[in-house]
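One structure is given below, encoded as structure tokens.
Residue numbers (the working numbering), protein chains in the order written: chain C, 1 to 157; chain U, 1 to 434; chain V, 1 to 619.
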């Protein structure tokens, strides 16, 4: 059974442990500016919403990449950036309608969530289980995907 | 089923692969005109910067990728189409029968109608072959004149600057990237380039290019010296501008836009306007012929009209949807979405949808010229319809999501008008992710 | 390592920003944040300096654990000489600003001089720029925050700013970061205002990467988080009720100072308690508390995010800006006490509103509320009149008066400027110094020294004036952490206070939150520091560092002119026995603890460091 990140904003306190864990795993430093998961603050409502790539089936980023630098990890379902192939053209950053592929000016490449190869650090670091890595069927992913379909340039007739 | 695809760019390659997935039994022939494996023009700037080798531009990296998929690649050109008999004639003399045909021949640079445009030392920046010429000629200290500060012109600026050439840019529009950036953003990009030591002449046209001593003389001299006619010359070219100035150049790069490769269809019954007219299934007026990518004039998401969008994401979407329909999986195309991202000497800009705004719409913008940051959002009622950004690298894709998703902004429109940078929050809030 | 080893020195008079290396010799002696920045102040300024003169310096400082995955590792402090007290001031804050400063590559910023015109510091990694602040001078913290975010087009900019009150010289102003976290006490914001420095806006993308032993650090921080999660206070009490979990507890104990400390129990306590914040209200069926929120890296998340009842008088009407009807930082225990119990106001929404105003205008709600309480007593005595107050009926329990005074003081207008003097100066001015519930000029927090004796000694000896955060013996005397002591006993309290003071100095210097110590002892913290920092940071060394910091601060205050006579409590707490509750009949008994405290501190009987102590600690 493929698993995916399940995010429950109700539980999020906005502590950013997830962002630090992500940057440590991927950039080897505590640097939330380089995190692939971001917690968005809704101050007026008093809400915190962690958000990252949903590894959507449509994989806008993957299809838009001109040099095949984003590929599917069949085991995890993650769409993974191959840094050695990425030329830094940023087309994927505008192609992803969720805004979850970002350009890293320091490396000249793009970065996105790769589910840490199947053991996401953000979920492990979350003190309130606002981020959990669970069976894909259980997540709100379908909702996200149906949303994704609205942004699609194609639809089954 | 026999599938033929003319053109081995992203649209053609993605179509071929999609056909293979959808119809495992069909025969697929992919005809490419250039003597290279399928490659991406998007990657050429990074080749010029020498961040990647030529192989780094290839669309598919595994050498037997197409063979494994059972996709036959032919280097050839189509010389004639016999649509009633579904038969192509190729320049090699071969014929090719098809049941379904995809035309994905892309586009080519517009040739500036001025004298001297064919002189040695004047090149486009479009193909790998062009890139090789530029790599050879753009040596440190060489004087380079870039005609056209559009998308392609801008994206190769960094490569040229890094190569240490003495660079001038001539653009007939009143700002840089006029077809992708509004006044404010286009002028900020110009200022940025000038601050990096590049001469930028906007609202300026090239009247002609001449060889300093005439082509005949040059050829004789270099011939005697045993030099290549191009690389042996110091400032061999003169570029005459309509403001009376004349620029010396060792290399002139012409990047004044592209046009669809559709000439070979003249005389055929395939219906053309700016490009090949296709319906919402990427089908031409001839039922078994489809078109995709830069050559196709398909539905535009924002206006609902038909438009050529010569951009990578449209090519890939077109290729995929066309192939599905060719293989019998009825699929509707929702329309291509105009969007671009550009890196001009490290200044990142993007524009989306109707970035120029719409009649009766309203907008918000924030601009910090000293930081080269700019964000403009265009609205129609409570939906965002277009956007322009400068210096934005985080979550920029959400502009596409907001615009193309036709997200009803509700109270977030006011919030965005107060603080346009809260795009992700608007998106999350209005998609019930909150 | 864990330090960035870089200091930004900003000379506001000259308008220059200059980087310099962190003094690593001092870092090894004082760890970071509170200790290290105080060392800089001690070395670079005259203890007799006028706190509001250009010669005073103000340091924003992080600790070695700031910006790391250590739980609560988001703290920073502001160290300066405090205008409210004339003593060393070190105010600690959470939120996200401190971690951002560290992420930008800096351990601390030292501000010197005074800018000729209002400015703010814009810091983007190594790029530091002083920018004109004309457009935000005269604006609230919240307006300033919005303007800076907008102007720099960066939602991730972290901002610390002062409100109008600090510009006007209200003496108990803090520096508010991230809209509702504050380096609150002793008037550090007033110092910032005196320097014409409106705000510091930071964006850091460099990160904190220099951890000595990353693997050991991760296992030590993970072990620490587990302890916090499994502890009843940090795992359940604080996330659910915030520090407001204490309101009913302390009230029942008879240690709830009420109406300017006239009594020790407040009949309205339950109406303004953490529990009450969960109760759905009649108007919209929603509770005051929206949710709990965390500071950077905090796995406790005690922060309150609240809304005011939309039908409440404070937010009703077209003219009220919408932001008062939105969620924002809610009541912490100290604020609820000072604004509520101490003024006799039991209207939860009025307190929430006054607290919003304190955040919006950058005022310390403890000192503000306590000063209002003193003014109320003066008013009820007839010393202050309607004429003085500009028509505000300043009676105990008057919620409307509290809110009006908060607005006035926030804007530095009218009678608000009298409140802005702080309780000590106000009571002196009106001839009743005995009614000021302060030590060294700073207002008491929310624990009555007659009901919790260790806190009396804590207040009397605190280096920044009356304060609970210098040695929170409540933990031991009330909650039994790390072991239970009798709150009404004086035996052993000197040792207890010293131990808490030294340990807290270490916590404050590491970059983490003192609330961790509801669950953590130094045994839990030491492995985290040791794994992060170069050098041998064993437990003994940490205790010595804590003691060194305490003595350094003490020495500074002595040189600033304080004497043993200032280590005292107001006569009300010394002489007027508690009238009700479990502590009935008790006074603070300071005289039974103080000499013993001096002795174990290695101080003379007049409270001075002995030569031997100075030498042992290198002060």
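Even glycine gets a Cβ: it sits at the ideal position worked out from N, Cα and C.
(request) Starting from residue 366 of chain V, trace the alpha helix (DSSP H) both ways and give me its first and last residue. (result) 365–380
(message) Quick check on this structure: which residue in V:8, V:75, V:253 has the alpha carbon closest to the alpha carbon of residue 474 of chain V?
(response) V:253
(request) Out of U:58, U:25, U:23, point me to the one whose CA is closest to residue 36 of chain U's CA. (result) When only C-alpha atoms are compared, the closest one is U:58.
(message) Closer than 8 Å is the cut-off here; do at least three beta carbon pairs connect the segment 65–85 of chain U with the segment 21–30 of chain U?
(response) yes
(request) Report all residues from its chain with a CB closer than 6 Å to the CB of residue 337 of chain U; omit the five preceding and five following residues, and keep chain order. (result) Excluding positions up to five away in sequence, the list reads 301, 404.
(request) Could you have a look at residue 380 of chain U and say whether DSSP puts it in helix, strand or coil? (result) strand
(request) Would you please verify whether the beta carbon of residue 34 of chain C is less than 8 Å from any beta carbon of chain V? (result) yes
(message) Classify residue 228 of chain U: buried if its beta carbon has 16 or more other beta carbons within 10 angstroms, exposed otherwise.
(response) Because residue 228 of chain U sits at a pLDDT of 48, beneath the cut-off of 50, its placement in the model cannot be relied upon, and the point is left open.
(request) Quick one: residues in its chain with C-beta nearer than 8 Å to the C-beta of residue 616 of chain V, no 5 flanking neighbours on either side, listed in chain order? (result) 602
(message) Quick check: what's the CA-CA separation for residue 122 of chain U versus residue 251 of chain U?
(response) 6 Å
(request) Can you check the segment 29–101 of chain C for any alpha helix (DSSP H) of at least 4 residues that lies completely inside it and give the ranges in chain order? (result) 60–64, 91–95
(message) Considering just the uninterrupted stretch of the alpha helix (DSSP H) at residue 571 of chain V, what are its terminal residues?
(response) 571–575
(request) Give the interface partners of residue 45 of chain C over in chain V, defined as CB-CB distance under 7 Å, in chain order. (result) Correct list: 327.
(request) Out of V:186, V:430, V:163, state which residue places its alpha-carbon closest to the alpha-carbon of residue 438 of chain V. (result) V:186
(request) Note the first and the last residue of the continuous alpha helix (DSSP H) segment covering residue 352 of chain V. (result) 348–361
(message) Shorter than 7 Å, the distance from the beta carbon of residue 15 of chain V to the closest heavy atom of the ligand FAD, or not?
(response) In the structure shown, the ligand FAD is absent, as is every other ligand, since no ligand is present at all.
(request) Note down the Cα distance separating residue 331 of chain V from residue 358 of chain V, rounded to an integer number of angstroms. (result) 11 Å
(request) Would you check if the segment 190–201 of chain V and the segment 213–227 of chain V touch, i.e. whether three or more CB-CB distances between them fall below 8 Å? (result) no
(request) Scan the segment 367–392 of chain U for residues whose Cβ lies nearer than 9 Å to a Cβ of chain V and list them as they occur along the chain. (result) 367, 368, 371, 373, 374, 375, 391, 392
(message) DSSP three-state label for residue 222 of chain V, please.
(response) helix
(request) Return the CA-CA distance between residue 52 of chain U and residue 46 of chain U, expressed in angstroms with no decimal places. (result) For residue 52 of chain U and residue 46 of chain U, the distance between alpha carbons rounds to 6 Å.
(message) Using a 10 Å radius around the Cβ and a threshold of 16 neighbouring Cβ atoms, would you call residue 93 of chain C buried or exposed?
(response) buried
(request) Can you give me, in chain order, the residues of the segment 404–434 of chain U that have a beta carbon less than 7 Å from any beta carbon in chain V? (result) 419, 421, 422
(request) Might you give, ordered along the chain, the residues of its own chain that have their beta carbon closer than 6 Å to the beta carbon of residue 129 of chain V, omitting 5 neighbours on each side? (result) Within the same chain, residue 129 of chain V has close Cβ partners 122.
(message) What would DSSP say about residue 114 of chain U, mapped onto helix, strand or coil?
(response) coil
(request) Report buried or exposed for residue 225 of chain U, applying the criterion of at least 16 other Cβ atoms within 10 angstroms of its Cβ. (result) Residue confidence for residue 225 of chain U is low, a pLDDT of 46 falling below 50, so the modelled location carries little weight and cannot support an answer.
(message) At the level of alpha carbons, what is the spacing between residue 162 of chain V and residue 79 of chain V?
(response) 15 Å
(request) Show which residues of chain U have a CB atom less than 9 Å away from the CB atom of residue 154 of chain V. (result) 373, 421
(request) At 8 Å on the CB atoms, spell out the chain V contacts of residue 27 of chain C, in chain order. (result) 207, listed in chain order.
(request) Measuring alpha carbon to alpha carbon, tell me which of U:56, U:65, U:137 ends up nearest residue 67 of chain C. (result) U:56
(message) Using 8 Å for Cβ pairs, my map puts residue 462 of chain V next to residue 36 of chain V. What's the rounded Cβ distance?
(response) About 20 Å; that fails the 8 Å criterion.
(message) Across the segment 566–581 of chain V and the segment 423–443 of chain V, are there enough close Cβ pairs to call them in contact, namely three or more that are closer than 8 Å?
(response) yes
(request) Could you tell me whether any Cβ in chain C is nearer than 8 Å to the Cβ of residue 401 of chain U? (result) Yes - at least one Cβ of chain C is within 8 Å of the one on residue 401 of chain U.
(message) Taking only three categories from DSSP, how would you classify residue 143 of chain U?
(response) Looking at residue 143 of chain U - three-state DSSP - the assignment turns out to be strand.
(request) Inspect the beta-carbon positions of residue 401 of chain U and residue 98 of chain C and report whether they are closer than 8 Å. (result) yes
(request) Indicate whether at least one CB of chain U lies closer than 8 Å to the CB of residue 149 of chain V. (result) yes
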